[in-house]
Every structure is written in structure tokens, then in C-alpha cells.
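Residue numbers (the working numbering): 99 to 473.
Yeah, the Cβ is synthetic: ideal placement off N, Cα and C, and Gly gets one too.
Inspection log for the structure reproduced underneath, given as C-alpha cells.
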Amino acid sequence: MPSFRKLPEKEKARMIQDRHLHSSSAPAGVFGSVMGELVEAGEIEIWKTGEVVSPVRAKIGLSSFVDEHGGMAAGHGKIILFGEHAVVYGSRAIASPIPLAVRARVLGEDDGVWLAFPRWGVERRMQKDSTRLTSFEAPAALILGELGLADRTMRIEVFSEIPRSMGLGGSAAVAVAIIRALDRHFEVGLSDDAVNALAYQCECIAHGTPSGIDNTVATFGQPLVYQKGASPSFQPLHLKQPIAMIVGMTGVEGSTAEMVARVREGRRRNRTFYDSVIQEIDSITVQALETLDSNDLVLIGELMNTNHGFLRRIGVSSRELEELIRIAHGHGAYGAKLTGGGGGGSMIALFPDGGNRVVEAMRDAGYQAMEVRIG
Ligand code: PMV
């Protein structure tokens, strides 16, 4: 039987109170498949699920989250502006952190390794038997093994405000936050590059054959151009002016592994077509790089539209993504596209005026949306 431990009543009461205090700004914190597993295991209680489904704030001001968790190790969420999927095949991609993060800390514990999600009132003792690890334990076990900490006892607490499977890099951010928390607690002395490399290994568990872009942004927390390769490379991107984007979330979980596998299978069947799409996306990304520098928003928007057209052609969009993109265009977006793996997840849109009205329209249509600033 999996070994679960419920929180003491006093602590639970504190967290219920805490949730009410922050109810208007409570982050939606979910990652990987942990939620499904915990629900199945009967470990999520009604008082906590309210927090999980609470709307993501329209305008992200992280004050309450940072006040509470500011001192902790962090991994950043991200959006991909240009080049998802093509990046898996060696093309360039542009990504930026968003002000949603996962934070973690490590505390002393007498017995075993406990993985805790205090905001959900759940904690779980990690299995010793590696064949019985759940999908959210497996990356933590890998990290402990790689850092030579598998025999130590501890309690790892994770606080996520990145919605699960929404194409916003939640799993990579969790890995980075846990690695950094362990690094701090046990004074391992990891460099950012070492954090990034280990987070990439975790991503391989979660996604099979990731490009490495998510863990790179989660680690370095800055806009960048990324290219996979024998040794992956990235360059920080310095925008002259920050660009406001709207992120619309479908609420439909997109499986990055599934979408990447779908593209791989499509490419296996029709190599010429897929390679030409990958090539096109790469040249859009290169053009976008030059355009971002000149801050030509109209052209950036057009490039986003064209990029999305190619993503549609390789079958990674969805009905909900298309609806959000239609809403964005209906409100005068310069450009809109899916972001991340697709098949659900999130989209981004660029507006001349920041797009405040569209956030309401997306919400009225039953989706969640927020404004983020890039750069
Ligand atoms: O869905 P996300 O946030 O994990 O983004 C995936 C991006 C892909 O290009 C589709 C895959 C990858 O590993 O780069």
C-alpha cells in the first residue's frame, strides 16, 4: 500500500485559513499527473480541491505567493513564443519565463523521505521500491540518486502555482525547484548548468524525448533562444521593450509526450512534408528573432499566426485552442498561436494595447486567461 500521511488538524486548519485569506489570488498549483493520482488515492479533500480549481489571476501579481514562499528555491514556468515541436528536431525556438513558479524547500525528518504538497494538505512517503514509484515520485527519486542523497532522511515540500499540463513548463519547474532546494539544504554546490542537466533527466522521465527547452527556461529564468544538439545551446534574449502577451488556458490537459510522439509518427510516415514544416518553423523563428529586436509588433503577430498555421498542419492544435485563438483575433490580436505541446494546454496572443478586454472574453467563454510580460 502506498504510504500516505495526513497533516495534523492544527496545520490543516492553518492552511484552510490561509486559503481563505488568499482566496482571490490563490494560485492554481498542479503539476504532472500528481493530482489525478492523489484524487484516485483519495488523498485530495474537498477543502483543498477548491484551491486547485480556483481561477488563475487575470493579471499576475505574485505578491501573496512570493511573500509566502519568496525565500525558497524556485523553478520558473514558461511560454514558447516560437518554434515548439520543431525544436525537438534541432530547430531554434524562443521561450520566456512567466511569473508563475514552483517553489520548494527541504526540511529535516527522522524517518524516510517525505514528499509534501502542503497547500493540498497531502504528503507521501517515497517508495523504496523503484518499480512502484508514481510519476511524481520518479523524478524526485532520480534527483536523490544522482545527488547521492538516496539514503538521507528529509521532507521535501513543493508549492506550485503552475497549472498542470497546460503547456507552461510545470514539470520542469518542479524538477528545478526540488533540485535547488536539495542543493541548498545539503550544500551540494551545484552550478546552474548542473541543475539544468539534472532537470533535463527528469524531463526525460516525464516526456520521453524532450528538447530541453523547458528545463533551460525553468533553470535560468530569462527569455532565450534555444537549440538542441549534441550539446544544447542557448542565448539569453534581451528585448529593448517588454512585450505584453495574453496566455489563454484551455483547461484541457495536453500530454506533451503524446503530442511529441504524434509528430514523430507523422514524420515517420511523411518525412518530406514534416521536414519542410520543421524547416519553415525554423525560418519563422529566425525572422522573429530579428523582429523582436526591432519591436515590430505587427510583424511579430504575423509570424505568430504563420507559426500556428504550421502547428495546425502537423495536428497539434485542438478545438479549444482554436476557439481561444478565434476569440483573440475577434478582439484585434496582432497574432495568436498555441504554446507548448498543444493538444490542449495553452495559447498566447499579442495585442496592440495589452489585450485587457480579451481576458474577460476568454473567461466568459469558460477559459482562464492572464496577462504576462516578456522581457
Ligand atoms: O508542453 P510543454 O510545456 O512541455 O512544451 C513542450 C515543447 C515541445 O517543443 C513540444 C517539446 C519539447 O521538448 O521541446
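- Contact between residue 470 and residue 343 is confirmed by a C-beta separation of about 5 Å, below the 8 Å threshold.
- The bridge partners DSSP lists for residue 204 are 254.
- With a beta-carbon spacing of about 4 Å, residue 321 and residue 194 fall inside the 8 Å limit used to define contacts.
- Set against 6 Å, the gap from the CB of residue 412 to the closest heavy atom of the ligand PMV is not smaller.
- Within the same chain, 425, 428 and 429 come within 8 Å of residue 459 by CB-CB distance, once the 5 residues on both sides are set aside.
- Going by DSSP, residue 322 is part of the beta strand (DSSP E) stretching over 322 to 325.
- Inclusion of residue 354 in the 6 Å shell around the ligand PMV follows from its C-beta lying nearer than that to a non-hydrogen atom of the ligand.
- Annotation for residue 220: the continuous beta strand (DSSP E) segment containing it runs 220 to 223.
- Going by DSSP, residue 377 is part of the alpha helix (DSSP H) stretching over 369 to 392.
- Pairing residue 442 with residue 350 gives a Cβ-Cβ distance under 7 Å.
- Distance from residue 175 to residue 306 at the Cβ level is roughly 21 Å; contact not present, criterion being Cβ atoms closer than 8 Å.
- In the DSSP assignment, residue 234 falls outside any alpha helix (DSSP H) and carries neither an H nor an E.
- For the ligand PMV, a non-hydrogen atom lies closer than 6 Å to the CB of residue 183.
- Nearest C-alpha to residue 347 among 368, 463, 402 and 392: 463.
- Taking 8 Å as the upper bound for CB-CB distance, residue 245 and residue 280 are in contact here, some 6 Å apart.
- In this model, residue 402 and residue 383 are separated by some 9 Å (Cα to Cα).
- Shortest Cα-Cα distance from residue 184 to any of 210, 378, 332 and 390 involves 378.
- Here residue 256 really is in contact with residue 272; their C-beta atoms are around 6 Å apart, less than 8 Å.
- At the C-beta level, residue 409 and residue 387 stay beyond 7 Å of one another.
- Counting of Cβ neighbours within 10 angstroms places residue 338 among the exposed residues, the total staying below 16.
- For residue 437, the enclosing beta strand (DSSP E) has its first and last residue at 433 to 437.
- When beta bridges are read from the DSSP output, residue 195 appears opposite 176.
- Take residue 283, set aside five residues on each side of it, and the residues of its chain with a beta-carbon closer than 6 Å to its own are 204, in chain order.
- 7 Å or more divides the Cβ of residue 191 from the Cβ of residue 303.
- In this structure, the C-beta of residue 442 stays at least 6 Å away from each heavy atom of the ligand PMV.
- Residue 400 and residue 258 have their alpha carbons spaced roughly 34 Å apart.
- Under the DSSP definition of a beta bridge, residue 211 partners with 252.
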